[in-house]
Amino acid sequence: MPVNLSIPELGDKFQDYRVPILGDSFDFGPVISPGNIKYFAFHHSVTPQTAKNDGNWKAECDKIAAIHVKSNGWAGVGYRFIICSDGTVAYVGDLSHGGAAVTNNNNIIFSACLVGDFTKELPTAAQVHAAHLLAKFFLTQAPQYPQLDSWDDVIGHRDSVELLHLPGATATSCPGSNWRIPGD
380 MPVNLSIPEL
390 GDKFQDYRVP
400 ILGDSFDFGP
410 VISPGNIKYF
420 AFHHSVTPQT
430 AKNDGNWKAE
440 CDKIAAIHVK
450 SNGWAGVGYR
460 FIICSDGTVA
470 YVGDLSHGGA
480 AVTNNNNIIF
490 SACLVGDFTK
500 ELPTAAQVHA
510 AHLLAKFFLT
520 QAPQYPQLDS
530 WDDVIGHRDS
540 VELLHLPGAT
550 ATSCPGSNWR
560 IPGD
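According to the numbering used here, the residues represented by the sequence shown are 380 to 563, in order.
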């Protein structure tokens, strides 16, 4: 059953884009049991940050969808959310299913992708703010996910291997070299 979502703190910067985006937004990935979600993982897209200049957040989402569906041959977008460079948070994959973002762990992890290549640039201030509000919502206002209850549960994709040693997760540099700083 689809999970409808509203995040008031994001206002009109939260957009439900599940129906228009390419691919299967509602049934792609393992079925999620809300009580099993342990982590919220952030990724970077390694695609251009265009919406910060032209405001076309849909184009950023559509580019990622084309990579996942047409190039990778997946049924839908691997992430549940895309955080566009203008700060728009697009809900692109239903929370009833886990998509394909952290190998062999999509049944315990929600994933959001920030548009950009964070080995070469930083996320925009609007993206950082939106990512914070999105994670805060799940940590403080979504009791249906009881294990997602600490900022320690908010990770970068590479943390799934480097810090958590999750079984089957693959090593990656995502979300880029600017994710953590020494001593963090």
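By construction, the Cβ of each residue, glycine as well, lies at the ideal position given by its N, Cα and C atoms. A quick note: this is a predicted structure, and the numbers were derived from the prediction, not measured.
With 16 or more neighbouring CB atoms inside 10 Å of its own CB, P502 falls in the buried class. With 16 or more other Cβ atoms inside 10 Å of its own Cβ, W436 counts as buried.
Between the stretch 446-460 and the stretch 520-538, the count of Cβ pairs shorter than 8 angstroms is below three; the stretches do not touch.
CA-CA distance, S464 to A438, rounds to 11 angstroms. Under the Cβ criterion (8 angstroms, minimum of three pairs), the stretch 496-513 counts as touching the stretch 549-557. Where V507 is concerned, the enclosing alpha helix (DSSP H) starts and stops at A504 to T519.
Sixteen is the threshold: since fewer than 16 other Cβ atoms of the shown chains lie within 10 Å of the Cβ of A504, the residue is exposed. Under the DSSP assignment, C492 falls in the beta strand (DSSP E) whose first and last residues are I488 to L493. In the three-state DSSP reduction, A480 falls in the coil class, being neither helix nor strand.
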